[in-house]
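Worksheet: one structure, shown below.
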Amino acid sequence: MKKRKSTPLFDEVWYKQKRRSFTFYFILLVVIILVVAVALATYLTEVTSTLFSSELRENRFISLLVLVGYALAIGFILSLFISHFLILPIKRLQRAMNKVAEGDLEVSVMGASRFDEIDDLNHAFNVMMQQLRYTETLQSDFIANASHEFKTPLNAIEGYATLLQDENLSQEERNEFLEKIIFSSHKANELIANVLLLSKIDNQAIESKKVSFSADEQIRQAILFLEPKWAQKDISFDVELQDAKLYGNEPLTFHLWSNLISNAVKFSPSGSEIKITLEKGESFIIFEICDKGPGIKEEEIKFLFNKFYQGDSSHKSEGNGLGLALVKRITDLYGGNIEVKNAQDCGAIFTVKLPFQAR
Ligand code: ADP
């Protein structure tokens, strides 16, 4: 997977135009209704009184009653028309909401209204829909990518198991195919473990057992844990670690170091050196890992922490593109941050900054 499909940003141009507020229009309309209703009522009262006897005409109380009656009736009719005009944009929004309830996520409310308040409401609705569409795209991308990643090792297992059914195979061939089956099973297992861990972190279902532990000690353990990989490539380490304690989820933090070290080993040329430093700041630690690999293309940096992103196709079979997504999630859990850049004397340098205490 290269680039994630992105939802176009909501067009805010019309939204930013300055408009008068709903309250202004409301007061203006009430004044207009009052003036028009009183003027019309006065005229109608005049007309009515000329039709009746002079006695009735001279009775001020009855004239006032007639005037109020006319004013109320005219005001009522005018209000009906005007409220229809005011409610129209709200009805438009209601129709859009009904469509969403029916499952249509492509709907948005377009066009400018005369009122700021209605515009704010429409804007909030459109932003909400944009977010919903984005989440849906992420979900369907995730399912498509995960299925694709699972297919590769499963196909290999099926293929080599079928080959093993041939009774004429030599012992050497049998061993070779068995090794390939074990390798692919291991890959599928790793993928499942990573997907599960990511989903646990995303759903905040990870056990939040926080303990105090030594970060430098854990980094040493991670290097040792990966020995079979780096020894095979004859890679050496230059390690400078200050004593530093962290308070957080210990096994998750181990994932963070081991993923970064494992990547550095994977992308380093055989016989090269990986430099790792750990410094203690005032309230945080700074971990840096620099390898002699090819580095990362500037335009790829922004995709690096996406799930299933794999930039370097030559190492595709060794990973699943979930390592850095996990690293990023774990760093976020601490309330820390991770940066990557290329340097002259290094291929890629990853810098992780973690507060002593996770959130
Ligand atoms: P993978 O399992 O493919 O290594 P990651 O999420 O760990 O997945 O890494 C994603 C991509 O980031 C890799 O495919 C690679 O293109 C790039 N990458 C990660 N670490 C390094 C590194 N140290 N040097 C060069 N590229 C790297």
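Heads up: the sequence shown at position 187 corresponds to 186 in numbering that gives the first Met the number 0, and the numbers run straight through without jumps.
The beta carbon of each residue, even a glycine, is placed where N, CA and C say it ideally should be.
For clarity, every value in this text was computed on a predicted model and none was experimentally measured.
Residue 282 counts as exposed, since fewer than 16 other beta carbons sit within 10 angstroms of its beta carbon. For residue 240 and residue 221, the gap between their C-alpha atoms comes out near 13 Å. Judged by beta-carbon spacing, residue 353 lies beyond the 8 Å limit of residue 197, meaning their Cβ atoms are not closer than that value.
Distance from the C-beta of residue 222 to the nearest heavy atom of the ligand ADP is not below 7 Å. Beta-carbon to beta-carbon, residue 322 and residue 307 are separated by about 11 Å, too far to satisfy the 8 Å threshold. Annotation: residue 85 to residue 134 spans about 34 Å, alpha carbon to alpha carbon. Only residues of its own chain outside the window of five on either side were considered, and among them 275 have a CB closer than 6 Å to the CB of residue 238, listed in chain order. Around residue 328, the same chain offers 200 as residues with beta carbons nearer than 6 Å, after the five sequence neighbours per side are excluded. Exclusion of residue 177 from the 7 Å shell around the ligand ADP follows from its C-beta lying no nearer than that to any non-hydrogen atom of the ligand. For residue 339, same chain residues with a beta-carbon under 8 Å away, outside a window of 5 residues either side, are 295, 300, 303, 347, 348, 349, 350 in chain order.
In the DSSP assignment, residue 347 falls within the beta strand (DSSP E) that extends over 345-354.
Counting only the Cα atoms, residue 121 lies some 8 Å from residue 109. Residue 342 is bridged by DSSP to 345. Counting only runs of at least 4 residues, the region 62-100 fully encloses no alpha helix (DSSP H) element at all.
Boundaries cannot be given for residue 234, as no alpha helix (DSSP H) includes it and DSSP labels it neither H nor E. In the three-state reduction of the DSSP assignment, residue 291 falls in the coil class. For residue 224, there is no enclosing beta strand (DSSP E); the residue is part of the alpha helix (DSSP H) that begins and ends at 214-224. Residue pairing from DSSP places residue 211 in a beta bridge opposite 246. The ligand ADP never approaches residue 343 closely enough for any of its heavy atoms to be under 7 Å from the residue's Cβ.
Secondary structure note for residue 142: its alpha helix (DSSP H) is the uninterrupted segment 115-163. One alpha carbon belongs to residue 195, the other to residue 124, and they sit about 33 Å apart.
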